[in-house]
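Colleague: If you count by this note's numbering, then the sequence shown holds residues 609 to 886, one letter each, in order.
Even glycine gets a Cβ: it sits at the ideal position worked out from N, Cα and C.
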Amino acid sequence: MKPKTLIIGSSGKTGSRILSKLKTAGYPVRLGSRKETPAFDWEKPELWETVIQGVDQVYISFQPDLAVPSSLSAIQTLVGVCQTNQVNRLVLLSGRGEPEAETCEQIVQNSGLEWTILRSSWFLQNFSEGMFLDQILEGRILLPKLTVKEPFVDLDDLADLAFESLVTDKHRNKVYELTGPELLSFQDVILKIAETTNQSIPIEELPLDDYITTLKGFGLPEDALWLIDYLFRTVLDGRNESVVKDLELALGRKPKDFNTYVKETAKSGIWKISQPII
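1. Alpha carbon to alpha carbon, how far is Val797 from Gln661?
2. Tyr635 to Leu741, Cα distance in whole Å?
3. Quick one: complete alpha helix (DSSP H) runs, 4+ long, within the segment 621-698?
4. Can you name the residues that DSSP bridges to Lys757?
5. From what residue to what residue does the beta strand (DSSP E) around Ile809 run?
6. Examine the Cβ distances between the segment 782-795 and the segment 709-729 and report whether three or more of them are shorter than 8 Å.
7. Drop a sphere of 10 angstroms on the beta-carbon of Gly825, count the other beta-carbons inside from all chains shown, and report buried for 16 or more, exposed for fewer.
8. How many angstroms separate the CA atom of Gln733 from the CA atom of Leu763?
9. Measuring straight from C-alpha to C-alpha, what distance separates Arg704 and Met739?
10. Counting C-beta neighbours from all protein chains within 10 Å, is the total for Pro759 16 or more, i.e. buried, or is it exposed?
11. Please classify Ile886 as buried or exposed, where buried requires at least 16 neighbouring CB atoms within 10 angstroms.
12. Tell me which residue opens and which closes the beta strand (DSSP E) that Leu726 is part of.
13. Count the other C-beta atoms from every protein chain shown that fall within 10 angstroms of the C-beta of Thr645, then say buried if there are 16 or more, exposed otherwise.
14. Starting from the C-beta of Val761, find all residues in its chain whose C-beta is less than 8 Å away, skip the five residues before and the five after it, and write them out in chain order.
15. Quick one: using the 10 Å Cβ neighbour count with 16 as the cut-off for buried, is Leu655 buried or exposed?
16. Of all the options Asp649, Leu674 and Ile881, which has the alpha carbon lying nearest to the alpha carbon of Ser808?
17. Going by C-alpha distance, which of Tyr838, Val870, Pro810 and Gly846 is nearest Arg676?
18. Considering only residues of the same chain and omitting the five flanking positions on each side of Leu680, which have a CB-CB separation below 8 Å?
19. DSSP three-state call for Asp831: helix, strand or coil?
20. So which of Ser669, Val659 and Thr692 has the shortest CA-CA distance to Ser702?
21. Buried or exposed: where does Leu857 fall if 16 or more other Cβ atoms within 10 Å of its Cβ makes it buried?
22. On the three-state DSSP scale, how would you describe Leu741?
23. May I ask you to report which of helix, strand or coil DSSP gives Ser619?
24. Where Asp768 and Ile626 are concerned, what is the direct C-alpha to C-alpha distance, given to the nearest angstrom?
25. Can you tell me which of the three DSSP states Leu786 falls into?
26. Starting from Leu750 and walking both ways along the beta strand (DSSP E), at which residues does that stretch end?
27. When the Cα atoms are used, what is the spatial distance from Asn848 to Lys757?
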């Protein structure tokens, strides 16, 4: 019998891809989100047991990020509920270069359950599905740390490894650092998107404090501001300016490169600027 998987964050960027792969392969799934019945809500741990009962394994994507202070107690509680309900395997999405995330990883590793840790770099899809898309569509980029390099990873590659981690034993009790095959700065990424789409996308570098103040003026909540400040101030300090081959070795193929991602995404028309800001 194929194992039943709870996908926490089933409507998110990683969860939705993993869900699609599991369903296509005929694996039973349970969707973990606030929109489902029963609902999974990170802020309502008293409801988690109802969602977890009857599943064999859990894919964990914590929101908003394992770096936030509340993640530690949440992961401790979640793992405890999984232990009580005879869950066999956990696959945790983690963040590369985040000490707080590594503390959460240790909880999973010490759980007595089977586990896989996917310690990911920043996603390429942040530019087409996430936090930077709106700025691209406005035709103007305001960001701090434009020249710090990051080995952005493609989410389809990440989802392939997560899927394998759930349906095979090849990746049991292993930690993987997931990177793309090249180092790129935010400036590199935006310039390539502009070139490929034949559009002008001006780029301006802001001091981090000014960037946070600008976002606050847009009405972002304090927890989101804290996380963005943390990611740019701490994680993007150069510590992750390296490429590793874990993804290539785990999948037996090269991960998708940046140029391929840009060409494929540009064909979708998602980056078409309707009315550039002057």
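Modeller: From the atom records:
1. Rounded to the nearest angstrom, the two C-alpha atoms are 43 Å apart.
2. 33 Å
3. DSSP runs (the alpha helix (DSSP H)) wholly in the segment 621-698: 621-632, 656-660 and 679-692.
4. Under DSSP, the beta-bridge partners assigned to Lys757 are Ser793.
5. Segment: none, Ile809 is in no beta strand (DSSP E) and carries neither H nor E.
6. yes
7. Looking at its Cβ environment, which holds fewer than 16 other Cβ atoms inside 10 Å, Gly825 is exposed.
8. 7 Å
9. 18 Å
10. buried
11. Only weak support exists for where Ile886 lies, its pLDDT of 47 falling under 50; the value from the coordinates is given anyway. Its Cβ having fewer than 16 others within 10 Å, Ile886 is exposed.
12. Run containing Leu726: Glu722 to Ser728, per the beta strand (DSSP E) assignment.
13. exposed
14. Ser728, Ser729, Trp730, Phe731, Leu732, Leu786, Thr787, Gly788, Leu855 and Pro863
15. exposed
16. Ile881
17. The amino acid occupying residue 676 in the given sequence is Val; Arg does not appear at that position. The shortest C-alpha separation from Val676 is found at Tyr838.
18. Glu708, Thr711, Cys712 and Ile715
19. DSSP places Asp831 in helix when its eight states are reduced to three.
20. Ser669
21. exposed
22. Three-state DSSP puts Leu741 in a helix.
23. coil
24. 8 Å
25. strand
26. Ile749 to Leu751
27. 8 Å
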